[in-house]
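Asks: Below you will find the structure I want to go over with you.
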Amino acid sequence: MGGTDLKSNTLKTISVLMVLCLVVGVVSGCKDKSLNAAKEKQIPAQTALASEFASYTEVKVDEQPRLKPYTVASDLTNVENSPRFKFSSAAQQRLVQNGFVVIPNLFEEYYMLYEVNRYDSVPNLVTTDSMLHNYHLFFEHLLKTVEEEKLLPELKNLNQGMLQVSQEQFTALKGTVWENAARRNLAFFAVASQLTDPKLSIPATVQKEVRSELELINAHQQTTVSPVMSMGSNTDILNSLKEDYTQYIPRGHYTRSVALKSYFQAMMWYGRMSFLQKDEDATRSAVLMTMALQKDSNNSSWSKIYNVSDFFVGSSDDPGCKEYSALLKKVYGPQLSLQTLTDNSTKWRTFLKETSTIKGPVINSIPIFDATIQPDREREIKGFRFMGQRYTVDADIFQRL
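Quick note: the working numbering has the sequence shown finishing at residue 1589, numbered continuously throughout.
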């Protein structure tokens, strides 16, 4: 999913058929109808939702297939339908040697070959990869449709809502130590807004940084310092803020339309940019962002996007709004305002210390860690992400390798 690069998890595709109604319910409101029906019938909501699924009875399989050993004659005389195929000498040798051979063909999908074989009375060997391939096609089509028709409009609402609140925060925090963090957020959400709707105006105070960022994203050719994320940072922190802009090249189904391309790049922006905990000013940005998310309909839009992508791909691998919101309540209490942040330096120091207790990411988007240079790996990569990329087993395995 965009943004993620959505770190695709093939294992989840098998469950898509069973939970289609649930996905649609999250996006279009079928869940609400089920809850209302449950209230009218005076039965638990969970029961009403569960009743939408077909019953499943496990069938015990106790088969033990047996195949007598055999050999393939060098001239294929004991292969029943061999005259119907044209084998090169190399292919025939492999067939004799291994009992099977794989040769190229022009069929784009498995079912095309199966259908031809059916008419020609040629037996098919149906392998597990053909089944997984078809599940994946269905999964990708469902994901593309949900992203294009439901999540992209919600993302545009979220961008505009967060941009508006960030502007309000920036105005209120001018002249304080929080001003640069608020300005960074204004630029951060202006970039996402521009990616999904280039016609929108860029706030004058961050035009330079936003335009520079958009040029790097659209060129997607290099790894360099992010103009937005490095706003007001010192030289030491800058070394940790290099971004791989080649990751913004749309791929897969995101290449099929301008809308999907914009969704991919905006979600990639939200998923990759990390507000490092070791940078106090970046942490201020993360806190202001968490507070802005609670305004108006921002949290609703964020939740709709996150929950659906969580179902399809997996949970965020990085700390985000949920973790920071819980920690803010623990340190500051339920009532938190901008004035409290600027006035109470003692609680702020406590909050900074407590961020070390938040679990960091397992996967590093740019694995450049060197223990001889950076002895504390977690400190180098731990940070807040607005819509963090998702944990997948394959990414974890490949990073370890």
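Backbone N, C-alpha and C define an ideal beta-carbon position, used for all residues, glycine too. The structure displayed is predicted, hence computed values, not measured ones.
Would you list, in sequence order, the uninterrupted alpha helix (DSSP H) runs of no fewer than 4 residues that lie entirely inside the region 1487-1555?
Replies: Those alpha helix (DSSP H) runs which fall completely within the region 1487-1555 and span 4+ residues are 1509-1520, 1526-1531 and 1533-1542.
Asks: Would Gly1363 pass as a contact of Asp1484 if the rule is Cβ separation under 8 Å?
Replies: no
Asks: Which residues does DSSP pair with Phe1572 in a beta bridge?
Replies: Phe1463
Asks: Please list the segments of the beta strand (DSSP E) lying wholly inside the region 1257-1318, counting only runs of 3 or more residues, in order along the chain.
Replies: none
Asks: Is the distance from the Cβ of Thr1478 to the Cβ of Leu1540 below 8 Å?
Replies: no
Asks: Going by CA-CA distance only, name the one from Ser1544, Lys1517 and Val1496 that's closest to Leu1331.
Replies: Val1496
Asks: Grab me the residues of Leu1515's own chain with a C-beta within less than 6 Å of its C-beta, minus the 5 sequence neighbours each way, in chain order.
Replies: Glu1542
Asks: When you compare only the Cα positions, how much space is there between Thr1580 and Ser1418?
Replies: 29 Å
Asks: In whole angstroms, what separates the C-alpha of Val1398 from that of Leu1374?
Replies: 9 Å
Asks: Determine the direct distance from the alpha carbon of Lys1492 to that of Leu1339, and round the result to whole angstroms.
Replies: C-alpha separation (whole angstroms): 8 Å.
Asks: Exposed or buried, Met1456, counting other C-beta atoms within 10 Å across all chains shown (16 or more means buried)?
Replies: With a threshold of 16 other beta carbon atoms within 10 Å, Met1456 meets it and is buried.
Asks: Closest to Glu1431 by CA distance: which of Ser1414, Arg1439 and Leu1402 is it?
Replies: Ser1414
Asks: How about Ala1454 and Ala1380: do their beta carbons lie closer than 8 Å?
Replies: Yes, the Cβ-Cβ distance between Ala1454 and Ala1380 is below 8 Å.
Asks: So, using beta-carbon positions, are Glu1336 and Ser1450 closer together than 8 Å?
Replies: The answer is no: Cβ separation not under 8 Å.
Asks: What's the call for Asn1293, buried or exposed, on a 16-neighbour Cβ count within 10 Å?
Replies: exposed
Asks: When burial is assigned at 16 or more other CB atoms within 10 Å of the CB, is Phe1586 buried or exposed?
Replies: exposed
Asks: Going by other Cβ atoms of all chains shown within 10 Å of its Cβ, with 16 needed for buried, is Phe1326 buried or exposed?
Replies: For Phe1326, the number of other beta carbons within 10 angstroms of its own is below 16, and it is reported as exposed.
Asks: According to DSSP, Val1413 sits in a beta bridge with which residue or residues?
Replies: The partner list for Val1413 (beta bridge, DSSP) reads Lys1430.
Asks: According to DSSP, is Arg1254 part of a helix, a strand, or is it coil?
Replies: When secondary structure is reduced to three states using DSSP, Arg1254 falls in the coil class, being assigned neither helix nor strand.
Asks: Quickly, what does DSSP pair Arg1578 with across the bridge? List them, please.
Replies: Ser1504
Asks: Hey, Thr1538 and Val1519 are a contact pair by Cβ (cut 8 Å); roughly how many whole angstroms apart?
Replies: Taking C-beta atoms under 8 Å as the contact rule, Thr1538 and Val1519 qualify, at a distance of about 5 Å.
Asks: Does the Cβ-Cβ distance between Arg1573 and Gly1508 come in under 8 Å?
Replies: yes
Asks: Assuming contact is defined by CB atoms lying nearer than 8 Å, are Thr1412 and Leu1402 in contact in what I supplied?
Replies: no
Asks: Using the rule of at least 16 other Cβ atoms within 10 Å of the residue's Cβ for burial, across every protein chain shown, is Tyr1266 buried or exposed?
Replies: Tyr is not the amino acid found at residue 1266; the sequence shown has Asn there. In the assembly as shown, Asn1266 is an exposed residue. Its beta-carbon has fewer than 16 other beta-carbons within 10 Å.
Asks: Grab me the residues of Val1353's own chain with a C-beta within less than 6 Å of its C-beta, minus the 5 sequence neighbours each way, in chain order.
Replies: Ala1480 and Lys1483
Asks: Which of the three DSSP states is assigned to Leu1361 in this structure?
Replies: The answer is helix: DSSP assigns Leu1361 an H, G or I state.
Asks: Can you tell me whether Tyr1244 is helix, strand or coil according to DSSP?
Replies: coil
Asks: Drop a sphere of 10 angstroms on the beta-carbon of Glu1296, count the other beta-carbons inside from all chains shown, and report buried for 16 or more, exposed for fewer.
Replies: Exposed is the label assigned to Glu1296, since fewer than 16 other Cβ atoms lie within 10 Å of its Cβ.
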